[in-house]
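Worksheet: one structure, shown below.
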Amino acid sequence: MKILMLHGINHNMFGKRDPKQYGTVTLAQIDEQLRALGRELGAEIESFQTNSEGEMAERIHQGYAEGVDAVLINAGAWTHYSYGIRDALAILTCPIVELHMSNIHAREAFRHQSVFAEIVRGQICGFGVDSYLLALRAAVSAVEQARAD
929 MKILMLHGIN HNMFGKRDPK QYGTVTLAQI DEQLRALGRE LGAEIESFQT
979 NSEGEMAERI HQGYAEGVDA VLINAGAWTH YSYGIRDALA ILTCPIVELH
1029 MSNIHAREAF RHQSVFAEIV RGQICGFGVD SYLLALRAAV SAVEQARAD
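Take the sequence shown: its position 73, counting from 1, is numbered 1001 in this note's numbering, and each next residue is one higher.
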């Protein structure tokens, strides 16, 4: 099982950026935790981070061509306004799980809206690094369920 983890804008600054919201964990540490859990669950995790919206769309297109089994996405601020990334995600035929470290519904009003909500399997937010791990578990479960059907 191959799962693509997409990290959005400014996530390369985890560990330095707003520790009150995001803690002190780095992106490399998050990715290592995902890979470790992935091994336990029988899934290979490939992570990708960019600060370029176009590069994100291109990586989603590549994931489609590669036939990834599921996609996890924490798009950061793009979640709230990037119809380009939304349209790229809509091309995928695999389960997509949106996730956020912070509870976007308890933050500024502009963060309450996700333009991805209508096309993703589900959304997990507010659990810090555990949001990533919960999202991975949900994606693996969705893939396993689809294979059983």
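Even for Gly, the Cβ is constructed at its ideal location relative to N, Cα and C.
In this text, all values refer to a predicted model and were calculated from it rather than measured experimentally.
message: Given this structure, state the Cα-to-Cα distance separating valine 1057 from glycine 943, to the nearest angstrom.
response: The count along the sequence shown starts at 1 and reaches residue 1057 at position 129. The count along the sequence shown starts at 1 and reaches residue 943 at position 15. C-alpha of valine 1057 to C-alpha of glycine 943: approximately 12 Å in a straight line.
message: Quick test of your reading: serine 1042 and glutamate 1026, contact by CB under 8 Å. State the CB separation rounded to the nearest angstrom.
response: Here residue 1042 is taken as the residue at index 114 of the sequence shown, counted from 1. Here residue 1026 is taken as the residue at index 98 of the sequence shown, counted from 1. Serine 1042 to glutamate 1026, Cβ: 6 Å. Contact.
message: If contact is defined by three or more beta carbon pairs under 8 Å, each pair taking one atom from either stretch, is the segment 951 to 967 in contact with the segment 982 to 989?
response: Segments in contact, no.
- prompt: phenylalanine 976 bridges to which residues according to DSSP?
  reply: For this step, residue 976 is matched to residue 48 along the sequence shown. Phenylalanine 976 pairs with Leu934.
- prompt: According to the Cβ coordinates, are glycine 991 and leucine 932 closer than 7 Å?
  reply: By 1-based counting over the sequence shown, the position of residue 991 is 63. By 1-based counting over the sequence shown, the position of residue 932 is 4. Going by C-beta atoms, glycine 991 is nearer than 7 Å to leucine 932.
message: Using a Cβ-Cβ cutoff of less than 7 Å, which residues in the same chain neighbour valine 953 once the five nearest sequence positions on both sides are dropped?
response: Position 25 of the sequence shown, counting from 1, holds the residue named residue 953. Closer than 7 Å at Cβ, skipping near neighbours: Phe942, Gly943 and Val1057.
message: Measuring only the C-alpha atoms, how far is glutamate 1072 from arginine 1035?
response: Against the sequence shown, residue 1072 aligns to sequence position 144. Against the sequence shown, residue 1035 aligns to sequence position 107. Using only the alpha carbons, I get a separation of about 34 Å.
field: Buried or exposed (CB count within 10 angstroms, at least 16 for buried), arginine 987
entry: Residue 987 sits at position 59 when you count from the first residue of the sequence shown. Buried, because 16 or more other Cβ atoms sit within 10 Å of the Cβ of arginine 987.
message: Taking 6 Å as the limit between beta carbons, can you name the residues of its chain near glycine 1054, skipping five residues before and five after?
response: Mapped onto the sequence shown, residue 1054 falls at position 126. Cβ within range, chain order: Asn1031.
message: Can you list, in chain order, the residues of its chain with a C-beta nearer than 7 Å to that of serine 1059? Leave out the 5 residues immediately preceding and following it.
response: In the sequence shown, residue 1059 corresponds to position 131, counting from 1. Closer than 7 Å at Cβ, skipping near neighbours: Leu1027, His1028, Met1029, Ile1052 and Cys1053.
message: I'd like to know whether the C-beta atoms of proline 1023 and arginine 1039 end up nearer to each other than 7 Å.
response: Residue 1023 sits at position 95 when you count from the first residue of the sequence shown. Residue 1039 sits at position 111 when you count from the first residue of the sequence shown. No, the pair does not count as a contact, with Cβ atoms beyond the cut-off.
field: Straight-line gap, lysine 930 to lysine 948 (C-alpha atoms, nearest Å)
entry: Indexing the sequence shown from 1 puts residue 930 at position 2. Indexing the sequence shown from 1 puts residue 948 at position 20. Using only the alpha carbons, I get a separation of about 33 Å.
- prompt: What's the call for aspartate 997, buried or exposed, on a 16-neighbour Cβ count within 10 Å?
  reply: Position 69 of the sequence shown holds residue 997. The residue in question, aspartate 997, is buried, as its Cβ has 16 or more Cβ neighbours within 10 Å.
task: Go to alanine 885, then tell me how far its alpha helix (DSSP H) extends in each direction, as first and last residue.
output: The requested residue 885 does not occur in the structure, where the chain is confined to residues 929 to 1077.
field: Whether asparagine 940 touches glycine 1004 by CB criterion (7 Å)
entry: Taking the first residue of the sequence shown as 1, we reach residue 940 at position 12. Taking the first residue of the sequence shown as 1, we reach residue 1004 at position 76. Going by C-beta atoms, asparagine 940 is not nearer than 7 Å to glycine 1004.
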